[in-house]
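Throughout the sequence shown, residue numbering follows our numbering, covering 311 to 599 in sequence. Every residue gets a Cβ at the ideal spot worked out from N, C-alpha and C, and that includes glycine. What follows is one structure encoded as structure tokens, with my remarks underneath.
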Amino acid sequence: MTATLIDGRAVAARVRKEVARDVEALPAPPGLATIIIGDDPASAIYVRNKRRQCVEAGMRDLHRPLPGDISQARAAAVIDELAADPAVTAILVQLPLPPHLDAAALIDRIPPGKDVDGLTAGSAGRLALGRPGLRPCTPAGVLVLLDEIGVELAGAHAVVVGRSDLVGKPMAALLLQRHATVTVCHSRTRDLAATCRLADVLVVAAGVPGIVGVDGVKPGATVIDVGIHRTGTGLRGDVDADQVREVAGALTPVPGGVGPMTIAMLLRNTVTAAALCPSPDTASSRGRP
Ligand code: GUN
């Protein structure tokens with residue numbers, strides 16, 4: 311069997327187009343505040359792409375670069391200021407932060423209605439409880455890809471490799487919400503390949519190049535590779551794609567699979583957040599700050 315490759319670029323382009331159309335229908339353009347602290351080169355590239363796509367979708371780019379030596383109190387004050395600003399309908403704090411900062415405490419200052427990364431404790435709790443809310447972008451994008459190829463999740467065995475707050479944990483919660491039987495593997499899992507081999511749907515977000523090989527894939531399984539690593543021979547994922555392609559039923563390529571979905575879902579969350587927020591004009595006319 312040769313796996314069908316899932317074209318994340320095409321799906322992301324469609325989502326971006328839908329978002330641009332939805333933005334036009336809003337009374338005022340959403341405003342996305344991207345906060346970057348310090349000069350991590352990978353973060354700079356991610357944030358530049360987020361800002362560009364935000365503008366291309368007709369939204370306002372309200373970028374706030376902050377110095378790498380900023381204090382916790384000053385960073386908190388900037389977030390509070392953005393939280394109170396009605397022109398800012400969405401706030402994103404790019405991770406990782408410099409080690410002297412308490413990232414969780416800063417993220418938790420974002421109001422739930424502006425939490426377009428879905429990373430606050432409030433948003434994570436709402437997801438865990440199955441209540442409506444803004445969902446983390448990468449796992450939300452994975453669900454869109456699974457729906458795109460028509461994977462039946464109800465009753466399927468889904469195995470998630472990785473337990474990060476950004477991907478693994480919310481991915482498991484989203485799959486559970488869709489009635490999959492969910493197993494979460496991580497660095498202490500004893501026989502990773504044997505557990506992965508149980509999966510009808512395998513989502514690998516371990517951050518370890520090639521951690522899942524052909525011995526970890528059931529023939530015909532749908533394999534979603536969230537990893538992306540720059541190697542001497544180009545970009546590679548967490549899955550050994552050359553071998554797994556021969557066994558899986560469907561596979562996301564790296565690059566061009568999950569990657570493009572993350573920003574597309576951020577844009578979609580930004581529209582959702584703005585639609586829930588009063589626009590600056592209507593907010594002032596209703597006497598809000
Ligand atoms: N760093 C890597 N990916 C992400 C993401 O999706 N959101 C944020 N805020 N930081 C990240």
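Using a cutoff of 6 Å, the CB of residue 405 counts as near ligand 1, since one of the ligand's heavy atoms is closer than that. Burial check for residue 365: the Cβ neighbour count within 10 Å stays below 16, so the residue is exposed. Spatial neighbours of residue 578 in its own chain (CB-CB distance under 7 Å, excluding positions within 5 residues in sequence) are listed in chain order as 325 and 329.
According to the DSSP assignment, residue 375 belongs to the beta strand (DSSP E) that extends over 374 to 376. Around the beta-carbon of residue 498, fewer than 16 other beta-carbon atoms lie within 10 Å, marking it exposed.
Between residue 451 and residue 369, the gap from beta carbon to beta carbon reaches 7 Å or more.
Across the structure, residue 471 and residue 494 are spaced so that their CA atoms are roughly 6 Å apart. Taking the CA atoms as reference points, residue 556 sits about 18 Å from residue 565. Closer than 6 Å to some heavy atom of ligand 1: that does not describe the Cβ of residue 364.
Pairing residue 583 with residue 388 gives a Cβ-Cβ distance that is not under 7 Å. Beta bridge pairing from DSSP links residue 496 with no other residue. Checking the 6 Å criterion, the Cβ of residue 587 is out of range of every heavy atom belonging to ligand 1. Cβ atoms of residue 428 and residue 444 come within 8 Å of each other, at about 5 Å.
Bounds of any beta strand (DSSP E) do not take in residue 566, whose DSSP letter is neither H nor E. Residue pairing of residue 371 in beta bridges, as defined by DSSP: 342. If you ignore the 5 residues before and after residue 507, its C-beta comes within less than 8 Å of the C-beta of 525, 526, 527 and 528, all in its own chain and listed in chain order. Unbroken beta strand (DSSP E) stretches of 3 residues or longer found wholly inside the region 499 to 581: 511 to 514, 532 to 535, 539 to 541 and 544 to 546, given in chain order. A residue is called buried once 16 or more other Cβ atoms fall within 10 Å of its Cβ, and residue 347 is buried on that count. Remark: C-beta atoms of residue 480 and residue 437 approach each other more closely than 7 Å. Going by C-alpha positions, residue 375 is about 19 Å away from residue 576. Pairing residue 512 with residue 469 gives a Cβ-Cβ distance under 7 Å.
DSSP places residue 400 inside the beta strand (DSSP E), whose first and last residues are 400 to 403. The beta carbons of residue 523 and residue 550 sit closer together than 7 Å.
Around the beta carbon of residue 442, a 10 Å sphere encloses fewer than 16 other beta carbons of the protein chains shown; the residue is thus reported as exposed. Counting along the chain, no beta strand (DSSP E) covers residue 313, and no H or E run does either. For residue 491, the closest C-alpha among the options 539, 440 and 510 is that of 510. Beyond the five residues adjoining it in sequence on each side, residue 434 comes within less than 6 Å, by CB distance, of no other residue in the same chain.
Listed as beta-bridge partners of residue 467 by DSSP are 491.
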